[in-house]
Ligand code: CTP
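Numbering (this note's numbering), first residue to last: 11 to 425.
Have a look at this one:
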């Protein structure tokens, strides 16, 4: 597992409500073994306090360019010299404009102008500010200078509006940080991932669904993207933000999910990887009603007839443009390994990740949880990956896939 040990990050927190998420980012960097020193702008201080930043980073927090004490002890030039990477999260429209125009008006902008280290920005702002040609021009300028960007994503904003400009989630910023320090073994590869539940309508207001949270599929999409892959994520309805840098397509039913997956394969017939992590509803109502099904006095309860949904994993594994590596999941409540092995051959995929979703498992809830116990099953047998976080499983899967595809290429080259 990669760690950030011996790596130093200078984190600049500028003004924006998303600054609260930077506290979590500090925690994640520290948890990963990295050292993090922070600059908090005047705007940033309106949203998080120097005390919280200092407590989490376990370091002094720098706020003032004209502080005699800070300049004597550290100095704004040394702040960037002693870092391996500078991360700006949130990066406000104002700070981006200062950077693009070479302004040095406070400690953050002065440090950035004097910086000699790679810079990663995580922009966060109102969607109109994001769309403004001035901001877009500044971003282009920064891009041509080699400054890397993570996010923003689309979604509900703190101001009550909806659109592009939400800061990337701390986990996604962490992935982008890792991409700076570690090799990107999936660069040049493309992947399709299905995730979340499907919901099948009974009438305009009612549906049949399942408890899938979509967390595992999202984590896999983020891990593959951070390993350099070009990722398309097809997801059923979930309460999660879209992962930064991933082409995310939202669907509701199994039929829509299949159509979106097939269209992704048609668009890129040389797809390398497909991972079906979605909990697809096996059946849908045969005759979904256009009008609400009414309850009438004296009438018996309605009978719902079902018809089978398409099997998306099987369709991908048997597609004429079959991706090189097709991975499925097996969610089982009994006979985990036997059922999962049977699924591997029945569906025609290369690997199956099996997990026990019985309520009895460790007496814990499985759906929506942050941890999972999985086994990798393929032609070589069964490998117990133990219990770990969905993020750790996703990273391990990305590493295994990279290894497998590289070995596969070497084998073909030798033939
Ligand atoms: N799957 C799929 N389309 C379906 C059903 C399942 O793509 N209509 C995929 C899932 O994404 C998963 C794998 O098939 O990768 C196994 O799903 P699971 O729900 O465990 O199995 P089922 O095929 O539904 O079989 P069963 O209900 O008998 O366990």
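C-beta atoms are modelled at their ideal positions from N, C-alpha and C, and glycine is treated no differently.
Taking the Cα positions, residue 155 is about 28 Å away from residue 13. Burial state of residue 140 is buried, judged by a 10 Å Cβ sphere holding 16 or more other Cβ atoms. Cβ atoms of residue 251 and residue 165 come within 8 Å of each other, at about 6 Å.
When secondary structure is reduced to three states using DSSP, residue 63 falls in the helix class. In the same chain as residue 267, and ignoring 5 residues on each side of it, the C-beta atoms closer than 8 Å to its own belong to 204, 208, 244, 246, 261, 288, 290 and 322, in chain order. DSSP places residue 258 in the strand class (E or B) of the three-state scheme. Measuring C-alpha to C-alpha distances from residue 237 to each of 407, 16 and 51 identifies 407 as the nearest.
Runs of the beta strand (DSSP E) lying entirely within the region 108-157, each at least 3 residues long, are 129-133 in chain order. Annotated three-state conformation of residue 176 is strand, per DSSP.
Checking the DSSP bridge columns, you'll see residue 98 partnered with 22 and 131. The alpha-carbon of residue 254 is positioned some 44 Å away from that of residue 312. Contact between residue 97 and residue 38 is absent: CB atoms are separated by about 11 Å, not below the 8 Å threshold. Apart from sequence neighbours up to five positions away, the residues of its chain that approach residue 27 with a beta-carbon distance below 7 Å are 57 and 168, ordered along the chain. In this structure, DSSP gives residue 402 a helical state, which the three-state scheme calls helix. Scanning its chain for C-beta atoms nearer than 6 Å, with the 5 sequence neighbours on each side dropped, one finds around residue 240 the residues 200, in chain order. Counting only runs of 3+ residues, the beta strand (DSSP E) found wholly inside the region 243-310 occupies 257-260, 283-286 and 293-295, in chain order. Taking every protein chain shown into account, the CB of residue 82 has fewer than 16 other CB atoms within 10 angstroms, so this residue is exposed. About 11 Å separates the beta carbon of residue 301 from that of residue 212, a gap too long to meet the 8 Å contact definition. Exclusion of residue 411 from the 7 Å shell around the ligand CTP follows from its C-beta lying no nearer than that to any non-hydrogen atom of the ligand. As DSSP reads the structure, residue 209 sits in no beta bridge.
In the structure shown, residue 412 adopts helical secondary structure according to DSSP, grouped into three states.
Under the DSSP definition of a beta bridge, residue 365 partners with 341 and 384. At least one heavy atom of the ligand CTP sits closer than 7 Å to the Cβ of residue 319. Out of 396, 147, 388 and 78, the CA that lies nearest to the CA of residue 382 is found in 396. DSSP assignment within the region 69-95 yields the following whole alpha helix (DSSP H) runs of 4 residues or more, N-terminal first: 78-83 and 86-91. Proximity of the beta carbon of residue 296 to the ligand CTP is not indicated: no heavy atom of the ligand is located closer than 7 Å. Going by beta carbons, residue 100 and residue 177 fall inside the 8 Å limit.
Of the other Cβ atoms in all chains shown, 16 or more fall within 10 Å of the Cβ of residue 228; this residue is therefore buried. Under the three-state reduction of DSSP output, residue 47 falls in the strand class. In the structure shown, residue 171 falls within a coil segment according to DSSP collapsed to helix, strand and coil.
Within the same chain, Cβ atoms closer than 8 Å to the Cβ of residue 36 are found at 21, 46, 48, 63, 66 and 67, the five residues on either side in sequence being excluded. With a cut-off of 7 Å, the C-beta of residue 368 is classified as distant from the ligand CTP, since no heavy atom of the ligand falls inside that distance. Residue 192 sits in coil when the DSSP states are folded into three classes, being neither helix nor strand.
In the DSSP assignment, residue 34 falls within the alpha helix (DSSP H) that extends over 29-41. Apart from sequence neighbours up to five positions away, the residues of its chain that approach residue 114 with a beta-carbon distance below 6 Å are 120 and 123, ordered along the chain. Its chain contains 212, 213, 216 and 312 as the residues whose beta carbon lies nearer than 8 Å to that of residue 303, once the 5 sequence neighbours on both sides are disregarded; these appear in chain order.
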